[in-house]
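The structure appears right after this line, and notes come after that.
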Amino acid sequence: MTAILSVRGLEKSFGSVVAARNINVAVPYLQTVGIIGANGSGKTTFVNMITGHLRPSKGSIWFEDRDITGRPSREISRLGIARSFQVPQIFNSLSVLDNICTATAIARTGGRLMRQALTPFYSPATRTEGEAALRLFRIANYHDARAAALPQGVRKLLDIAMAAAGQPRVLLLDEPTSGISIEEKFGLMDVVMSALRDRRITVLFIEHDMDIVGRYADRVLAFHDGAVIADGAPAATLTNPRIQQLISGPKLKAATADCDHA
Amino acid sequence: MLTAFAILTDGLIYAAYLFVVAVGLTLIFGVMRILNVTHGSFYAFGAYGAAVAVGTYFERGLPAAGGFLLMVLVAMAIGLVLGLIIERGLLRRVYGKDEVVVVLVTYAAFLILEDVIQLVWGTNSYALYQPLAVAGSLPVGELVLSNYDIGLVAFSVLLAGAVSFVLQHTRWGRLLTVVIFDREVAAAFGINVSLFYTVTFIIGAMLGALGGAIMAPKISVTLGIGVEVIVLAFAVVVIGGMGSVGGAFVGALIVGEVRSTAVHFLPQLELFVIYVVMAAVLIFRPQGLFTRTQPRKI
Amino acid sequence: MKSRSRIIGALVFFGAAALTPALPAWIVSLAIVALANALVVLGLIILWRAGLVPFGQALFYAIGAYAVALITRYTGLRDALLLLIAAAILSGVAAFVTGFLLARYREIFFAMLSLAMSMILYGVLVKTGTLGSTDGFHVEPPTYLGYTPQSGMRLVLLFWLVLVCCALAALLISLYVRSVAGALAVPVRDSEIRLEFLGVSVNRLIHLNLVIAGTLSGIGGALAAFAIEHVDPNMAYWTTSGGFVFVTIFAGAGFVAAAFVGSLLFELLRSIAYDILPGTWQIFLGSALLLTILFLPEGVGSLFQRVRRLPRPTSERDFITGPS
Numbered sequence: 038m039t040a041i042l043s044v045r046g047l048e049k050s051f052g053s054v055v056a057a058r059n060i061n062v063a064v065p066y067l068q069t070v071g072i073i074g075a076n077g078s079g080k081t082t083f084v085n086m087i088t089g090h091l092r093p094s095k096g097s098i099w100f101e102d103r104d105i106t107g108r109p110s111r112e113i114s115r116l117g118i119a120r121s122f123q124v125p126q127i128f129n130s131l132s133v134l135d136n137i138c139t140a141t142a143i144a145r146t147g148g149r150l151m152r153q154a155l156t157p158f159y160s161p162a163t164r165t166e167g168e169a170a171l172r173l174f175r176i177a178n179y180h181d182a183r184a185a186a187l188p189q190g191v192r193k194l195l196d197i198a199m200a201a202a203g204q205p206r207v208l209l210l211d212e213p214t215s216g217i218s219i220e221e222k223f224g225l226m227d228v229v230m231s232a233l234r235d236r237r238i239t240v241l242f243i244e245h246d247m248d249i250v251g252r253y254a255d256r257v258l259a260f261h262d263g264a265v266i267a268d269g270a271p272a273a274t275l276t277n278p279r280i281q282q283l284i285s286g287p288k289l290k291a292a293t294a295d296c297d298h299a
Numbered sequence: 004m005l006t007a008f009a010i011l012t013d014g015l016i017y018a019a020y021l022f023v024v025a026v027g028l029t030l031i032f033g034v035m036r037i038l039n040v041t042h043g044s045f046y047a048f049g050a051y052g053a054a055v056a057v058g059t060y061f062e063r064g065l066p067a068a069g070g071f072l073l074m075v076l077v078a079m080a081i082g083l084v085l086g087l088i089i090e091r092g093l094l095r096r097v098y099g100k101d102e103v104v105v106v107l108v109t110y111a112a113f114l115i116l117e118d119v120i121q122l123v124w125g126t127n128s129y130a131l132y133q134p135l136a137v138a139g140s141l142p143v144g145e146l147v148l149s150n151y152d153i154g155l156v157a158f159s160v161l162l163a164g165a166v167s168f169v170l171q172h173t174r175w176g177r178l179l180t181v182v183i184f185d186r187e188v189a190a191a192f193g194i195n196v197s198l199f200y201t202v203t204f205i206i207g208a209m210l211g212a213l214g215g216a217i218m219a220p221k222i223s224v225t226l227g228i229g230v231e232v233i234v235l236a237f238a239v240v241v242i243g244g245m246g247s248v249g250g251a252f253v254g255a256l257i258v259g260e261v262r263s264t265a266v267h268f269l270p271q272l273e274l275f276v277i278y279v280v281m282a283a284v285l286i287f288r289p290q291g292l293f294t295r296t297q298p299r300k301i
Numbered sequence: 006m007k008s009r010s011r012i013i014g015a016l017v018f019f020g021a022a023a024l025t026p027a028l029p030a031w032i033v034s035l036a037i038v039a040l041a042n043a044l045v046v047l048g049l050i051i052l053w054r055a056g057l058v059p060f061g062q063a064l065f066y067a068i069g070a071y072a073v074a075l076i077t078r079y080t081g082l083r084d085a086l087l088l089l090i091a092a093a094i095l096s097g098v099a100a101f102v103t104g105f106l107l108a109r110y111r112e113i114f115f116a117m118l119s120l121a122m123s124m125i126l127y128g129v130l131v132k133t134g135t136l137g138s139t140d141g142f143h144v145e146p147p148t149y150l151g152y153t154p155q156s157g158m159r160l161v162l163l164f165w166l167v168l169v170c171c172a173l174a175a176l177l178i179s180l181y182v183r184s185v186a187g188a189l190a191v192p193v194r195d196s197e198i199r200l201e202f203l204g205v206s207v208n209r210l211i212h213l214n215l216v217i218a219g220t221l222s223g224i225g226g227a228l229a230a231f232a233i234e235h236v237d238p239n240m241a242y243w244t245t246s247g248g249f250v251f252v253t254i255f256a257g258a259g260f261v262a263a264a265f266v267g268s269l270l271f272e273l274l275r276s277i278a279y280d281i282l283p284g285t286w287q288i289f290l291g292s293a294l295l296l297t298i299l300f301l302p303e304g305v306g307s308l309f310q311r312v313r314r315l316p317r318p319t320s321e322r323d324f325i326t327g328p329s
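Residue numbers (our numbering), protein chains in the order written: chain Z, 38 to 299; chain C, 4 to 301; chain H, 6 to 329.
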């Protein structure tokens, strides 16, 4: 197995609108990929095709040497590709612990309805795993808090923690730091990336904040008008004049120096 | 040929009164997203009110035209009073709650009003025969059509036209359409959404009561008429599309003609067939035949 | 059920069973009807937890009742147990089949489709002579394992049957609600997307809940048929469905026992209202529902929770597992 995730000749059109054209990407195991691009550039379409939300018009998607093109998202989730959402999809009526335990309970029962009907929800194993996940993502002190009342950063972390609960091998993060204040962004990403690395999960993330991309990505995929216009190391890609013109904007050296939070 | 004509006219007449009842319901749903079960009470009150008031009027031997006018006025008065009480007194307190909870609130109000009807008018049934008798009949080929029925159909068409006109060509109607589409945006633009709600509800109530009033001469006005009509009105509104006036028109026509056809050929299917159509629409085009809004469906 | 609830439940069960022969007939009758309805309510609670309120549950209630009536009339079979099983199977299958459609809808559309389906059955029942049309028909009282009770014991035996059914239902549903599938109802309400992306088929889960609710309603209908000794199309009418939803809101979706306590309380209130305020009992009940919605949105059942624990529970967990 060379690449954990690869797409070949991937295309998507909605009638005459081409949302994705001829995308060819192979992601090696544990390579962190940052996906950038203006709104409407095709990055969300790309992610949606990988997660099975959209069916590609042409091309194929391979996960661990298995063709997953066109499979429904539920199946793809069970196979090991998970995602988090720009607006965190968490269960507002439940406590944080119940949220994560829901995810771990589902993971333990492997998505089989009958098995789920016969397995008690509150098993010690479910709880232990849930609490471990909360600790890993540094939100264990929010344990009993009701999800509806959480600050945005914790909501994001919970969403990601739940996505990671099923032991996925690939996790797609959709704008993990959107809506997070500048002071907290790096802290959040530090926690997320170290937790996911700890779990040996390959990460692809969509981001608009180039400093985040520069800091956490091993590789950058730049989308424009449905196509990948740049694919390489962050340093090179983000300083590429064409990328700066179309997507990232010029980098101000003084500002970035100040942004280095530990 | 005769049968086809009979079916057509029967269906049209049935559709006409269904439209008057349903259009208020669909307006209320469109604007306030409330499936108003109390509408059945508005209908019943309208019927009773008309039966008693108009009946007394005709008994006094007063001119017929006034009798018809009185029918409309009584309905509007009833709609105004009941509508105000329900909207201001009750619905105000539950805006923002779950859609289904609000429906249950209107159902509770409906139950209460059912008993109020009994308290006010007792368990007797009322017959209002004068409008039919006064209007006379019109022989058409081998059929004899009641002028009242013809008037009813004409009235519905006019009403449909009037409502559409108001919605599309008056300032108030346009604003209402905005509120239907997105109440938050409407409020952000300074539209007094709360006032719109009250006015819409009252108008809806008036239309519901009017539906009852105009039906009074054709039925035996007795306990339980609200119960039967509300579920029919739901069917019409669902078929046409919730919140669409054109939909209420089309829905009423469909229900009217389908029922009429069933009655003439296979009477056992009369009730069954209306709800089959309702279910079919929900299954194949849940937003109704006339609306563009997407239903909450996975 | 946690152990304390289990003990209380057992006490109530055996206490009620023992007392039955001593109680006046009207109380036993009332309790039978209330408990039969409670089974329907239990099914509605399951669905309400997932955010779904059907307006046509009477469909399955009527199927259960008519199943009993028709089998008794046309095959002469009168054994209560067999009839119950038949009713449960028929209503369960009906729920399974209709579930393929219903599970794809939510909120108002779900409620309306459910309503339409129940009214279709109503339309069929009303117009079909062999099914008794509007008058319905009489149901012979059941026999119990070959034994045909005399009039005095009839009520007692039926009540014991109803008690057993309710106890079993309470036990099984409590277990279900604590299972993964049962507990997932609340997350369904909050974020179906998250569940789908965790690999759960929400539609299938809802389908399962629909089958459970439909079966419970069918059993309730069968027991009601035994109790009233009559079936008629009104059992499928929208007002019957409305009544069940009514009691569900009244009882609250808090915990399993709420279905039974709420239903009994409601039936009691209804009888009292009918007796002392004959012309205005609907005003009374309508007001009760309104007051419940406005001031006790989690139903009368939530009163029990508040009494035992203040401050308010922070987590739905308490609603999943009930008071300990």
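Here a beta-carbon is modelled for each residue, glycine too, at the ideal position from N, C-alpha and C. From a predicted model like this one, the values you see are computed outputs, not experimental measurements.
Spell out a yes or no on whether the segment 208 to 222 of chain H and the segment 26 to 38 of chain H are touching, meaning 3 or more CB-CB pairs, one atom from each, closer than 8 Å. no
Could you give the distance in angstroms between the alpha-carbon of Z:LEU195 and the alpha-carbon of H:ILE178? 30 Å
Give the DSSP-derived three-state secondary structure of C:TYR40 in the structure shown. Going by the sequence as given, residue 40 of chain C is Val instead of Tyr. Coil.
What residue from Z:ILE217, Z:LEU258, Z:ARG279 and Z:GLY263 has the CA that sits closest to Z:ALA270's CA? Z:LEU258
Look up Z:ASP262 in the DSSP assignment and say whether it is helix, strand or coil. coil
State whether the segment 50 to 70 of chain H contacts the segment 224 to 233 of chain H, with contact taken as three or more CB pairs (one from each stretch) at a distance under 8 Å. yes
To the nearest angstrom, how far is it from the Cα of Z:ALA299 to the Cα of Z:PHE260? For Z:ALA299, the predicted structure reports a pLDDT of 43, less than 50, and the residue's modelled location is therefore unreliable. The matter cannot be settled from this model.
Note down, in chain order, each residue of its chain lying with its Cβ closer than 7 Å to the Cβ of C:ALA265, except the 5 sequence neighbours on either side. LEU272, GLU273 and VAL276
Quick check: the segment 236 to 256 of chain C against the segment 106 to 114 of chain C, are there 3 or more CB pairs under 8 Å? no
Would you say H:GLU272 lies against chain B (beta-carbon separation less than 8 Å)? The structure shown contains no chain B; the protein chains it does contain are Z, C and H.
Spatial distance of H:ARG340 from H:SER119 (CA atoms): Only positions 6 to 329 of chain H appear in this structure, which leaves residue 340 of chain H out of reach.
C-alpha gap between H:THR244 and Z:ILE113, whole angstroms: 45 Å
Closest to C:PHE255 by CA distance: which of C:LEU198, C:ALA163 and C:ILE217 is it? Just to set this straight, residue 255 of chain C is Ala in the shown sequence, not Phe. The shortest Cα separation from C:ALA255 among C:LEU198, C:ALA163 and C:ILE217 belongs to C:ALA163.
Using a Cβ-Cβ distance cut-off of 8 Å, determine whether Z:SER130 contacts chain H. yes
7 Å CB neighbourhood of Z:GLU212 in its chain, flanking five on each side removed: GLN123, ILE243, GLU244 and HIS245
When the Cα atoms are used, what is the spatial distance from H:ALA230 to Z:PHE158? 37 Å
What did DSSP end up calling C:PHE45 once you bin it into helix, strand or coil? helix
Own chain partners of Z:GLY107 with C-beta closer than 6 Å, once the 5 adjacent residues on each side are dropped: ARG92
At 4 residues or longer, and completely inside the segment 138 to 175 of chain C: list those alpha helix (DSSP H) runs for me, N to C. 150 to 172
Check whether H:LEU47 and H:VAL185 have beta carbons under 8 Å apart: no
What does H:GLN287 reach in chain C if we use C-beta pairs closer than 7 Å? LEU114, ILE115, GLU117 and ASP118
Spatial distance of H:THR25 from H:CYS171 (CA atoms): 16 Å
Coarse secondary structure for H:GLY204, derived from DSSP in three states: coil
So, is H:ASP237 buried or exposed, given that buried needs 16 or more other C-beta atoms within 10 angstroms? buried
Name the chain H residues that come within less than 7 Å of C:TYR110, Cβ to Cβ? GLY247
To the nearest angstrom, report how far apart H:ILE51 and H:ARG111 are at their CA atoms. 15 Å
State the DSSP-derived secondary structure class of Z:SER110, mapped to helix, strand or coil. helix
From C:ALA212 to C:ALA9, what distance separates their C-alpha atoms? 28 Å
Taking its Cβ as the centre, do 16 or more other Cβ atoms sit within 10 Å of C:TYR132, making it buried, or is it exposed? exposed
Considering only the beta carbon of each residue, do C:MET209 and C:MET35 sit closer than 8 Å? no
Could you tell me if H:TYR79 is buried or exposed, where buried requires 16 or more neighbouring beta carbons within 10 angstroms of its beta carbon? exposed
Note down, in chain order, every chain H residue with its Cβ under 7 Å from the Cβ of C:VAL24. By Cβ distance, chain H contributes nothing, its closest Cβ being about 16 Å from C:VAL24, past 7 Å.
For a test of the three-state rule: what should DSSP assign to Z:ARG120, helix, strand or coil? strand
Consult DSSP for Z:TYR159 and reduce its assignment to one of helix, strand or coil. coil
For Z:ALA292, which residues in the same chain have their Cβ closer than 7 Å to its Cβ, ignoring the five residues on either side in sequence? Because the pLDDT of Z:ALA292 is 48, which lies under 50, any placement of that residue in the model is unreliable, and the number read from its coordinates should be weighed accordingly. Taken in chain order, the list of residues that qualify is empty.
Where C:ILE228 and C:ARG186 are concerned, what is the direct C-alpha to C-alpha distance, given to the nearest angstrom? 34 Å
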